[in-house]
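K.L.:
Those protein sequence lines, which keep their order, are chains A and B.
Throughout the first sequence, residue numbering follows this note's numbering, covering 7 to 252 in sequence.
Throughout the second sequence, residue numbering follows this note's numbering, covering 7 to 252 in sequence.
Every residue gets a Cβ at the ideal spot worked out from N, C-alpha and C, and that includes glycine.
Since the structure is predicted, the reported quantities are computational estimates derived from the model, not experimental observations.
Number of protein chains: 2
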Amino acid sequence: MPRYRLLIEYDGAGFVGWQRQDNGLGVQQVLEEAARRLDGRPVTAIAAGRTDAGVHALGQVAHLDLDRVIAGDKLRDALNFHTREHPVTVLAAAPVDDEFHARFSAVGRAYLYRILNRPAAPALDAGRVWWLPGDLDAEAMHRAARALIGHHDFSTFRAAQCQARSPLKTLDRLDVRRVGQEIHVIAEARSFLHHQVRNMVGSLRLVGRGKWAEDGLAAALEARDRTAGGPTAPPQGLYLTRVDYP
Amino acid sequence: MPRYRLLIEYDGAGFVGWQRQDNGLGVQQVLEEAARRLDGRPVTAIAAGRTDAGVHALGQVAHLDLDRVIAGDKLRDALNFHTREHPVTVLAAAPVDDEFHARFSAVGRAYLYRILNRPAAPALDAGRVWWLPGDLDAEAMHRAARALIGHHDFSTFRAAQCQARSPLKTLDRLDVRRVGQEIHVIAEARSFLHHQVRNMVGSLRLVGRGKWAEDGLAAALEARDRTAGGPTAPPQGLYLTRVDYP
Chain A
7 MPRYRLLIEY DGAGFVGWQR QDNGLGVQQV LEEAARRLDG RPVTAIAAGR
57 TDAGVHALGQ VAHLDLDRVI AGDKLRDALN FHTREHPVTV LAAAPVDDEF
107 HARFSAVGRA YLYRILNRPA APALDAGRVW WLPGDLDAEA MHRAARALIG
157 HHDFSTFRAA QCQARSPLKT LDRLDVRRVG QEIHVIAEAR SFLHHQVRNM
207 VGSLRLVGRG KWAEDGLAAA LEARDRTAGG PTAPPQGLYL TRVDYP
Chain B
7 MPRYRLLIEY DGAGFVGWQR QDNGLGVQQV LEEAARRLDG RPVTAIAAGR
57 TDAGVHALGQ VAHLDLDRVI AGDKLRDALN FHTREHPVTV LAAAPVDDEF
107 HARFSAVGRA YLYRILNRPA APALDAGRVW WLPGDLDAEA MHRAARALIG
157 HHDFSTFRAA QCQARSPLKT LDRLDVRRVG QEIHVIAEAR SFLHHQVRNM
207 VGSLRLVGRG KWAEDGLAAA LEARDRTAGG PTAPPQGLYL TRVDYP
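Set out below in structure tokens:
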């Protein structure tokens with residue numbers, strides 16, 4: 007059966023997350039039902055990152071197997087026809103080798119976390135940013151974030167329900183920069199623990215507020231204990247922006 | 007009574023436009039009701055641009071008179087407390103001279119029109135852009151737009167229901183440029199006729215598609231007849247970005 011790779015954008019607001027669940031609609035279900043209408047039989051879609059409820063994607067990658075052989079552009083348009091009632095859109099589709107696996111073949115994942123740092127709440131970007139009015143020192147956050155780069159035990163930033171075998175991960179990038187009225191946190195790694203980006207952002211906020219010293223992040227990491235980390239940042243500021251393959 | 011100037015952002019999607027109307031909620035009403043709760047008596051808000059249903063604002067300006075004297079930041083926060091259930095936010099508020107009139111004192115207005123030009127429909131920007139898949143020559147659109155710059159009779163781009171006394175306007179800027187997957191049209195003038203920007207964008211689309219030659223816009227302008235223009239572009243791509251005062 008021919009395998010296809012999809013590049014996907016979605017607004018996470020109305021979904022229980024990527025994965026199919028009993029308590030609401032998952033992005034996976036929207037795509038699988040679109041593919042089923044196309045292929046006439048149940049189809050499973052596997053994604054690179056199983057984003058949580060409310061988390062957005064600008065560049066999620068998934069794969070699925072179809073009975074039929076179809077050109078990438080035609081598959082993209084046909085899937086989009088069936089997903090059109092939902093804020094899920096296939097940006098690109100292409101046939102790939104049977105060996106390709108969206109999750110296990112991925113060698114890198116990039117996330118963007120958007121903080122809106124201004125006195126007024128967002129109107130146009132409601133549900134798309136974490137609104138934090140008041141002083142927030144982006145440069146201090148960036149300096150503090152240096153401590154997390156590299157190969158570490160990230161237990162402090164790991165959700166209780168995380169299913170990864172090990173808390174050891176290598177963080178390749180954690181940049182914090184001011185972009186107009188927003189503060190962007192960019193995180194890149196081969197893979198992340200559950201809630202890792204949101205937990206890191208929640209701790210960075212404490213540094214930005216001056217509640218933690220700049221070395222507070224290093225101390226929290228060292229503790230290897232979730233209770234040593236800051237609160238989890240809300241999902242609506244998080245975007246899966248890119249997945250890398252060899 | 008002290009007069010205050012407000013800088014306002016809103017998502018036009020759920021509104022019948024700026025103005026109060028019987029058939030739905032206007033942005034004006036949301037602000038006036040917020041001000042009424044603050045001041046304890048009916049308040050009228052006057053805006054620089056009476057945007058249509060579905061049109062957004064990043065920098066609308068309005069003024070209103072209150073009984074009470076209140077610092078700008080406090081007024082901003084108090085109004086935002088009362089508008090919080092709606093996608094309307096006051097970015098800034100400041101006391102102004104009684105002579106200030108948001109509409110009649112304005113000497114310039116700037117609009118941005120966002121076209122999403124890619125095969126896939128928008129997921130995150132649904133309701134925020136005009137989705138036009140397929141070839142669209144932004145450079146040809148920009149060259150064609152040169153013909154509209156200056157002082158002209160804009161009857162070709164004027165809505166039938168326009169209440170302006172004269173179709174003569176001076177267009178200061180009409181730039182078309184590609185920004186990633188989007189095409190941005192930026193229009194600036196002292197003031198615009200009703201639907202003028204959307205009607206100009208609708209005609210520019212015909213040039214971009216190759217349905218009109220590049221001099222088609224000049225010919226349409228010359229005709230001084232709405233039926234010589236292209237169809238009206240939809241409201242969701244339009245943003246009032248800035249209002250200028252002396």
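#1: Can you name the residues of chain B whose CB is closer than 8 angstroms to the CB of residue 17/A?
#2: Below 8 angstroms on C-beta distance, what does residue 2/B contact in chain A?
#3: Report the start-end ranges of each alpha helix (DSSP H) in the stretch 119 to 191 of chain B that is 4 residues or longer and not cut off at the edges.
#4: Which partner residues does residue 250/B have in the DSSP bridge list?
#5: What are the boundary residues of the beta strand (DSSP E) that residue 62/A is part of?
#6: Expressed to the nearest angstrom, what Euclidean distance is found between the alpha-carbon atoms of residue 213/B and residue 204/B?
#7: Return yes when the Cβ of residue 60/B is within less than 7 angstroms of the Cβ of residue 237/B, no when it is not.
#8: I need the straight-line Cα distance from residue 75/A to residue 89/A, nearest angstrom please.
#9: I'd like to check one pair, residue 11/A with residue 100/A: are the Cβ atoms closer than 7 angstroms?
#10: For residue 123/B, go through chain A and note every residue whose CB falls closer than 7 angstroms to its CB, in chain order.
#11: Can you tell me the Cα-Cα spacing of residue 44/A and residue 67/A, whole angstroms?
#12: Would you mind giving the Cβ-Cβ distance between residue 243/B and residue 136/B, rounded to the nearest angstrom? I have them listed as a contact below 8 angstroms.
#13: Could you name the residues of the same chain whose beta carbon sits closer than 6 angstroms to that of residue 224/B, not counting the 5 residues immediately before and after it, in chain order?
#14: Strictly under 7 angstroms for the Cβ-Cβ distance: is residue 93/A near chain B by that measure?
#15: What three-state label does DSSP hand residue 242/A in the structure shown?
#16: Is residue 179/B closer than 7 angstroms to residue 173/B when the C-beta atoms are compared?
#17: Please name the residues in the stretch 70 to 96 of chain A whose beta-carbon is closer than 9 angstroms to at least one beta-carbon of chain B, in chain order.
#18: Between residue 59/B and chain A, is the shortest Cβ-Cβ distance under 7 angstroms, so that the two count as touching?
#19: Straight-line CA distance for residue 209/A to residue 250/B?
#20: If distances are taken between C-alpha atoms only, which option among 80/B, 92/B and 79/B comes closest to residue 37/B?
#21: Just verifying my parser: in three-state terms, what is the DSSP assignment at residue 208/A?
#22: Flag this pair as yes or no: are the beta carbons of residue 130/A and residue 17/B separated by less than 7 angstroms?
#23: Which partner residues does residue 58/A have in the DSSP bridge list?
#24: For residue 233/B, does the count of other Cβ atoms within 10 angstroms reach 16, so buried, or fall short, so exposed?
#25: Is it right to say residue 167/B is buried, meaning 16 or more other beta carbons lie within 10 angstroms of its own, or is it exposed?
#26: Along chain A, in chain order, which residues have C-beta atoms closer than 9 angstroms to that of residue 53/B?
P.N.:
Walking through what the data contain:
#1: 129, 130 and 132
#2: Outside the displayed range of chain B (7 to 252) lies residue 2/B, so it cannot be described from this structure.
#3: 144 to 151
#4: 114/B
#5: 62 to 71
#6: 15 angstroms
#7: no
#8: 20 angstroms
#9: yes
#10: In chain order: nothing, as chain A lies at least about 13 angstroms away.
#11: 19 angstroms
#12: 4 angstroms
#13: 153
#14: yes
#15: helix
#16: no
#17: 79, 82, 83, 86, 89, 90, 92, 93, 94, 95 and 96
#18: no
#19: 41 angstroms
#20: 92/B
#21: helix
#22: yes
#23: 23/A
#24: exposed
#25: exposed
#26: Result: empty, since nearest Cβ-Cβ is about 15 angstroms, beyond 9 angstroms.
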